[in-house]
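Trainee:
Protein chains: 2
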Amino acid sequence: MNDGDGGAAPRKRADAQRNERTLLDAAAAVFVTSGVEAPVRDIAARAGVGVATIYRHFPTRADLIIAVYRHQVEACAEAGPALLAAVASPYAALGRWINLFVDFLVTKHGLAAVLRSDDAGFHALHAYFLDRLVPVCAQLLRAAAAAGEIRSDVDALELMRGVGNLCIGAENDPRYDARRLVAFLIAGLRQPG
Amino acid sequence: MNDGDGGAAPRKRADAQRNERTLLDAAAAVFVTSGVEAPVRDIAARAGVGVATIYRHFPTRADLIIAVYRHQVEACAEAGPALLAAVASPYAALGRWINLFVDFLVTKHGLAAVLRSDDAGFHALHAYFLDRLVPVCAQLLRAAAAAGEIRSDVDALELMRGVGNLCIGAENDPRYDARRLVAFLIAGLRQPG
DNA sequence: ATAGTAATCGGAACAGGATTCCGTTTATCC
DNA sequence: GGATAAACGGAATCCTGTTCCGATTACTAT
């Protein structure tokens, strides 16, 4: 809703809309090469705008990161119920879903690191990821526990944070395979016996 | 060797030795309250010296952190073989040793985070921790694998990095229990079947 | 079409931290 | 006690992030 006209929102100016799009593209490109903590000035330069324009559109870096990756996070969130419906074993569905999440994180240079940062500026990023993905994870955990495949005392938030942490620094380092370690962690959730 | 006199090293001046000690104490105190990434100026102020004095004694922050925690890291390294000798099951010894490591990390505010940082300035810190602890971990892993208690394809470096990552952000957050997650990870190493 | 208006813009100014430089101090040796 | 070079402190520099302000430009009403 509130996309074409709206009542209260006075519709943004055309140049502002254009700049927002340009900034998203520039940020995405810079994130790929320099990571999500690239200097603000670099992103502004790449977009051909002044630094203040970034702050006007995205008050904190978290807002910019969220905007850049929103689609992929949504896709990941929606994949949870789909996997649960499509795969026979809830435990297998959980494993598959976690792999999707891990793949997403390790391909976004530095994202896992800022995701766990306790810097106040990243509060919105924290909140978004957690609000969107923790419930999905909790649903998968409940299903697997109900099926007796894993222990029932696993907290979704804790697991998500653990998996996120395991993904830190996993980009382009052949000696560290986050996927493998996460698989061990998930294996460790199985019922003892 | 080369502690009291030596041949090539011209023995440091007395005030320099005193400052180095003072700096170590000041850094240790500041690390406890503000974490290992505390501003250099704070440490200098606490020690009552100029900032350049820090750089003269410890060229990078990594050197300072290593010096502050060297004793505890050595103790952890030496605990490995001791546990292996004292505990009947190598797998149990591994678990106990990992717990020592985790306890060390989570009580040093922010240490786990810089430990995994790929910032060039922390290269020495990386190298020291890895050189000192990975061989110990490898020995424990070999013993447990030889006893048939865990799979034999676990790399010590990878495991250490995984455990270190799980400890990031674990200080004073009741909703995140790094010890518990590490326990799951170690449990996941058991032989399948 | 045009003048008025307010949203938006760009880059300079400011702030905070790390790192380096240099004139001064001081321990050591003779 | 004086010469010498190591060590010192703090100012200067550099690099980011963030805010401010005069200039610009899209929209609106006539």
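Respectively, the protein sequence lines represent chains A and B. Per my numbering, the first sequence starts with residue 694, numbered consecutively. Per my numbering, the second sequence starts with residue 694, numbered consecutively. Glycine included, every Cβ here is placed at the ideal spot set by N, Cα and C. No experiment lies behind these values; they were computed from the predicted model shown.
For a contact defined as C-beta to C-beta under 7 Å, what are the partners of Phe877 (chain B) on chain A?
Mentor: For this step, residue 877 (chain B) is matched to residue 184 along the second sequence. Those are Leu878, Gly881, Leu882, listed as they occur along chain A.
Trainee: Alpha carbons only, please: which of A:Leu826, A:Ala707, A:Leu882, A:Leu717 is nearest the one belonging to Leu874 (chain B)?
Mentor: Working through the second sequence from its first residue, we reach residue 874 (chain B) at position 181. Residue A:Leu882 is the option with its Cα nearest to Leu874 (chain B).
Trainee: Taking just the CA atoms, how far does Ala839 (chain B) sit from Phe972 (chain B)?
Mentor: Since the displayed chain B opens at 694 and closes at 886, residue 972 (chain B) lies outside it and no answer follows.
Trainee: In chain order, what residues of the same chain lie with their CB nearer than 6 Å to the CB of Phe751 (chain A), ignoring the 5 residues before and after it?
Mentor: Start at 1 with the first residue of the first sequence, and residue 751 (chain A) comes out as number 58. Excluding positions up to five away in sequence, the list reads Leu757.
Trainee: Tyr869 (chain A) CB to nearest chain B CB: under 8 Å?
Mentor: Position 176 of the first sequence, counting from 1, holds the residue named residue 869 (chain A). Closer than 8 Å to some Cβ of chain B, the Cβ of Tyr869 (chain A) qualifies, so yes.
Trainee: Is Ala940 (chain B) buried or exposed, if buried means 16 or more other CB atoms sit within 10 Å of its CB?
Mentor: Look at the range of chain B in this structure, 694 to 886, and you will see that residue 940 (chain B) is not part of it.
Trainee: Any Cβ of chain A within less than 8 Å of the Cβ of Glu730 (chain B)?
Mentor: As a position in the second sequence, residue 730 (chain B) is number 37, starting the count at 1. Not one chain A Cβ lies under 8 Å of Glu730 (chain B).
Trainee: Quick check: the Cα distance between Gly803 (chain B) and Gly862 (chain B), rounded to an integer number of angstroms?
Mentor: Translated into the one-based positions of the second sequence, residue 803 (chain B) becomes position 110. Translated into the one-based positions of the second sequence, residue 862 (chain B) becomes position 169. Counting only the Cα atoms, Gly862 (chain B) lies some 7 Å from Gly803 (chain B).
Trainee: For Arg883 (chain A), which beta-bridge partners are listed by DSSP?
Mentor: Residue numbering aside, residue 883 (chain A) sits at position 190 when the first sequence is read from its first letter. Paired residue(s): A:Ile843.
Trainee: Taking 8 Å as the threshold (beta carbon to beta carbon), is Leu859 (chain B) in contact with chain A?
Mentor: Your numbering for residue 859 (chain B) matches position 166 in the second sequence. Interface flag for Leu859 (chain B) against chain A is set, since a Cβ pair is found closer than 8 Å.
Trainee: When burial is assigned at 16 or more other CB atoms within 10 Å of the CB, is Arg854 (chain A) buried or exposed?
Mentor: Position 161 of the first sequence, counting from 1, holds the residue named residue 854 (chain A). Around the beta-carbon of Arg854 (chain A), 16 or more other beta-carbon atoms lie within 10 Å, marking it buried.
Trainee: Is DSSP giving Arg872 (chain B) helix, strand or coil here?
Mentor: Reading the second sequence from its first residue, position 179 is the one you call residue 872 (chain B). Residue state, collapsed to three classes: helix.
Trainee: Identify, in the order they occur along the chain, each residue of the same chain with its Cβ nearer than 8 Å to the Cβ of Gly697 (chain A), setting aside the five sequence neighbours on each side.
Mentor: Taking the first residue of the first sequence as 1, we reach residue 697 (chain A) at position 4. Only weak support is given to the placement of Gly697 (chain A): the predicted model assigns it a pLDDT of 38, under 50, and the question is left unresolved by the model.
Trainee: In whole angstroms, what is the alpha-carbon distance linking Ile879 (chain A) and Ile736 (chain A)?
Mentor: Working through the first sequence from its first residue, we reach residue 879 (chain A) at position 186. Working through the first sequence from its first residue, we reach residue 736 (chain A) at position 43. Straight-line Cα distance between these residues: approximately 38 Å.
Trainee: For Ala806 (chain B), does the count of other Cβ atoms within 10 angstroms reach 16, so buried, or fall short, so exposed?
Mentor: Here residue 806 (chain B) is taken as the residue at index 113 of the second sequence, counted from 1. Here Ala806 (chain B) is buried. Its C-beta has 16 or more other C-beta atoms within 10 Å.
Trainee: Closer than 7 Å, Cβ to any Cβ of chain A: which residues of the region 833-856 of chain B, in chain order?
Mentor: Leu850, Glu851, Arg854, Gly855
Trainee: Is Asp718 (chain B) helix, strand or coil by DSSP?
Mentor: As a working note, residue 718 (chain B) is residue 25 in the second sequence. Looking at Asp718 (chain B) - three-state DSSP - the assignment turns out to be helix.
Trainee: Closer than 7 Å between beta carbons: that is the criterion. Which residues of the region 810-822 of chain A meet it against chain B?
Mentor: The residues in question are Asp811.
Trainee: Is the Cβ of Leu757 (chain B) closer than 8 Å to any Cβ of chain A?
Mentor: One-based indexing of the second sequence puts residue 757 (chain B) at position 64. So no, Leu757 (chain B) is outside the interface.
Trainee: Measuring only the C-alpha atoms, how far is Leu823 (chain A) from Asn858 (chain B)?
Mentor: Along the first sequence, read from residue 1 onward, the residue named residue 823 (chain A) stands at position 130. Along the second sequence, read from residue 1 onward, the residue named residue 858 (chain B) stands at position 165. When rounded, the separation of the alpha-carbon atoms in Leu823 (chain A) and Asn858 (chain B) is 19 Å.
Trainee: Going along chain B, which residues have a C-beta under 9 Å from Ala862 (chain A)?
Mentor: Walking along the first sequence from the start, residue 862 (chain A) turns up at place 169. According to the sequence shown, residue 862 (chain A) is Gly rather than Ala. Within chain B, the residues near Gly862 (chain A) are Arg809, Ser810, Asp811, Arg854, Asn858.
Trainee: Quick check: does the Cβ of Leu859 (chain B) come within less than 7 Å of any heavy atom belonging to the ligand NAP?
Mentor: Among the components of this structure there are no ligands whatsoever, and the ligand NAP is therefore not found.
Trainee: Tell me the start and end of each unbroken alpha helix (DSSP H) in the region 778-826 of chain B that is at least 4 residues and wholly inside, in chain order.
Mentor: 783-799, 804-809
Trainee: Between which two residues does the alpha helix (DSSP H) carrying Val742 (chain B) extend?
Mentor: Reading the second sequence from its first residue, position 49 is the one you call residue 742 (chain B). Looking at the DSSP string, Val742 (chain B) is not in any alpha helix (DSSP H), and its letter there is neither H nor E.
Trainee: Taking the alpha carbon of Glu851 (chain B) as the reference point, which residue from A:Pro783, A:Asn792, A:Ser845, A:Cys860 has its own alpha carbon closest?
Mentor: To locate residue 851 (chain B), count along the second sequence from 1; it is residue 158. Ranking A:Pro783, A:Asn792, A:Ser845, A:Cys860 by Cα distance to Glu851 (chain B) puts A:Cys860 first.
Trainee: Between B:Asn712, B:Gln832, B:His819, which lies nearest to Ala775 (chain B) when the distance is taken from Cα to Cα?
Mentor: On the second sequence, residue 775 (chain B) is found 82 positions in, with the first residue counted as 1. Ala775 (chain B) has its Cα closest to that of B:Gln832, out of B:Asn712, B:Gln832, B:His819.
Trainee: Which residue comes first and which comes last in the alpha helix (DSSP H) that contains Val856 (chain A)?
Mentor: Counted from its first residue, the first sequence places residue 856 (chain A) at position 163. Segment 849-859, the alpha helix (DSSP H) holding Val856 (chain A).
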